[in-house]
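Each remark here refers to the structure printed beneath this line.
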Amino acid sequence: MAYNQPSLAETSNEFTFSDHDFQMISELANARYGLFLQPSKKALVHSRLAKRLRILKLASFEDYCNLLNKTEGDAERMHLLSALTTNVTHFFREMHHFDFLKDVLMPQLIEKSQAGHPVRLWSSACSTGQEAYSIAAALVAAAPKLSQYDIKILATDIDPQVVQTAKRAIYPDEQIATIPPFWRDLLTGSRRPQSGEFRIDPALQKLISFGELNLIADWPMKGRFDVIFCRNAAIYFDKGTQARLWGRFADVMLDGGHLMIGHSERLSGPAQSAFKSVGITTYQKLTGPFAPVNVSDKGDRN
Ligand SMILES: C[S@@+](CC[C@H](N)C(=O)[O-])C[C@H]1O[C@@H](n2cnc3c(N)ncnc32)[C@H](O)[C@@H]1O
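Be aware that the sequence shown starts at -9, since it is given in the working numbering, and climbs by one per residue.
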């Protein structure tokens, strides 16, 4: 009957999403993951999370917030993070970083390794692994006999599901379709894709340890890094969290080490004076004690 028909407003907005619900979710996402949800994103957050309510068969956002706040809400909190951020990545994304690694950094890193020092690189928001495998390919491109050196990559992400995909090291064929043959052969060990999928060369896989790590929580690593990639993750964080993160990277990086960030990210906060720009979104950690860097020396060249 006509009065049972939902109105257009109800159909397109099946769950009421109050300012209070939005605030609860923003606070939780900020406290646990450092995310910053601008008030202008309320409609977007609503539409992304409405899918979760449907899947969970929940009646309201109030029920959803209650679930998120429960101790056993771990799995759902991870779905929340996935709904509010993106795992989008691809092989050799922002290619200039891999060229820089191969052509500029690797000769120095090999020399360092030949002198008996370990070399460590970190892909710190690795998503499904393409960034870490691209790093490994750049290392092997510079040093085909890489296994004779103590050079290793740590690759971490907060999301256990993407870490599983990264460890599996199997990707759809189309992900390498447009990659130049030189790099494609390095990734695949020159093996042809089968049934629409390809496997990363085990020689590259061996260079990488994958794990779960929340960038805004404690970091268990003891050693220091020569190179850190943190690309297209800090963009989701609030300004204070970003500034702290750059500082923490400076703390776990060797003097002279390099930090690669995403194309739309910028260093901020006190850590700016610990780094100098040496390329497009590429920074080198200065040798302490840190002198304030002249503003005109900083920033990207792009
Ligand atoms: C867009 S992907 C970037 C992947 C890759 N770095 C690149 O640039 O192609 C962003 C990744 O950041 C991860 N992420 C978001 N918040 C995080 C946090 N607090 N700690 C660690 N990783 C986080 C997400 O799980 C996601 O996989």
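No residue lacks a Cβ here, since even glycine has one placed at the ideal position from N, Cα and C.
Where residue i and residue j are concerned, what is the direct C-alpha to C-alpha distance, given to the nearest angstrom?
| i | j | result |
| --- | --- | --- |
| Ala127 | Ala224 | 25 Å |
| Ala193 | Met250 | 24 Å |
| Asn56 | Glu101 | 55 Å |
| Ser113 | Glu121 | 7 Å |
| Thr277 | Asp245 | 5 Å |
| Lys32 | Ile15 | 10 Å |
| Gly230 | Gln28 | 14 Å |
| His10 | Glu17 | 10 Å |
| Phe12 | Glu255 | 26 Å |
| Ser180 | Gln232 | 40 Å |
| Leu34 | Leu136 | 46 Å |
| Thr272 | Phe88 | 11 Å |
| Phe5 | Asp175 | 50 Å |
| Glu62 | Val242 | 33 Å |
| Arg44 | Phe26 | 25 Å |
| Ser30 | Arg214 | 39 Å |
| Arg182 | Ala19 | 42 Å |
| Ser107 | Ser185 | The amino acid occupying residue 107 in the given sequence is His; Ser does not appear at that position. Cα to Cα, the separation comes out at about 42 Å. |
| Thr178 | Gln165 | 12 Å |
| Ser258 | Arg234 | 9 Å |
| Gln154 | Asp191 | 17 Å |
| Met211 | Pro260 | 23 Å |
| Lys60 | Leu71 | 16 Å |
Please go through the same chain and pick out, in chain order, the residues whose beta-carbon is closer than 8 Å to the beta-carbon of residue i, but skip the five residues on each side of it.
| i | result |
| --- | --- |
| Pro97 | Ala132 |
| Leu46 | Tyr54, Leu57 and Glu66 |
| Tyr139 | Ile100, Ser103, Gln104, Val109 and Ala133 |
Quick one: give me the first and last residue of the beta strand (DSSP E) that residue i is part of.
| i | result |
| --- | --- |
| Leu111 | Val109 to Ser113 |
| Arg189 | Glu187 to Arg189 |
| Lys266 | Phe265 to Gly269 |
| Lys142 | Ile141 to Asp147 |
| Val217 | Phe215 to Cys220 |
Would residue i and residue j qualify as a contact pair, given that the criterion is a beta-carbon distance under 7 Å?
| i | j | result |
| --- | --- | --- |
| His80 | Arg42 | no |
| Asn222 | Gly252 | yes |
| Pro171 | Glu187 | no |
| Gly24 | Phe227 | yes |
| Val109 | Ile141 | yes |
| Val78 | Thr118 | no |
| Pro150 | Glu84 | no |
| Ala73 | Leu39 | yes |
| His86 | Ile206 | no |
| Ala167 | Cys116 | no |
Residues in the same chain with beta-carbon distance under 6 Å from residue i, minus the five sequence neighbours each way, listed in chain order, please.
| i | result |
| --- | --- |
| Val217 | Leu111 and His248 |
| Ser199 | Leu144 |
| Leu91 | Ala128 |
| Phe7 | His36 and Phe51 |
| Leu48 | Tyr54 |
Identify, in the order they occur along the chain, each residue of the same chain with its Cβ nearer than 7 Å to the Cβ of residue i, setting aside the five sequence neighbours on each side.
| i | result |
| --- | --- |
| Arg305 | The first residue shown for the chain is -9 and the last is 292, placing residue 305 beyond what the model contains. |
| Gln195 | Ala159 |
| Phe239 | Ile218, Cys220 and Leu249 |
| Val268 | Gln274 |
| Gln104 | none |
| Phe82 | Phe88, Ser124, Ile169 and Trp173 |
| Asn(-6) | The predicted model places Asn(-6) with a pLDDT of 40, which falls under 50 and marks its position as unreliable; any figure quoted below should be read in that light. Answer for Asn(-6): no residue qualifies. |
| Asp208 | none |
Locate the alpha helix (DSSP H) running through residue i, then write down its first and last residues.
| i | result |
| --- | --- |
| Asp9 | Asp9 to Tyr23 |
| Ile100 | Met96 to Gln104 |
| Asp64 | Asp64 to Leu74 |
| Ile198 | Note, Ile198: premise wrong, no alpha helix (DSSP H); beta strand (DSSP E) at Ile198 to Glu202. |
| Pro210 | Neither: Pro210 is in no alpha helix (DSSP H) and is coded neither H nor E. |
| Gln195 | Pro192 to Gln195 |
| Asp163 | No alpha helix (DSSP H) contains Asp163, which DSSP labels as neither H nor E. |
| Asp245 | Note, Asp245: premise wrong, no alpha helix (DSSP H); beta strand (DSSP E) at Met243 to Ile251. |
| Gln138 | Taken as a continuous stretch (DSSP letters only), Gln138 belongs to no alpha helix (DSSP H), as it is neither H nor E. |
| Tyr273 | Element bounds for Tyr273: not the alpha helix (DSSP H) but the beta strand (DSSP E), Thr272 to Lys275. |
| Val35 | Lys32 to Leu46 |
| Pro171 | Pro171 to Thr178 |
Requested in this report: Spell out a yes or no on whether the segment 144 to 155 and the segment 116 to 125 are touching, meaning 3 or more CB-CB pairs, one atom from each, closer than 8 Å.
Outcome: yes
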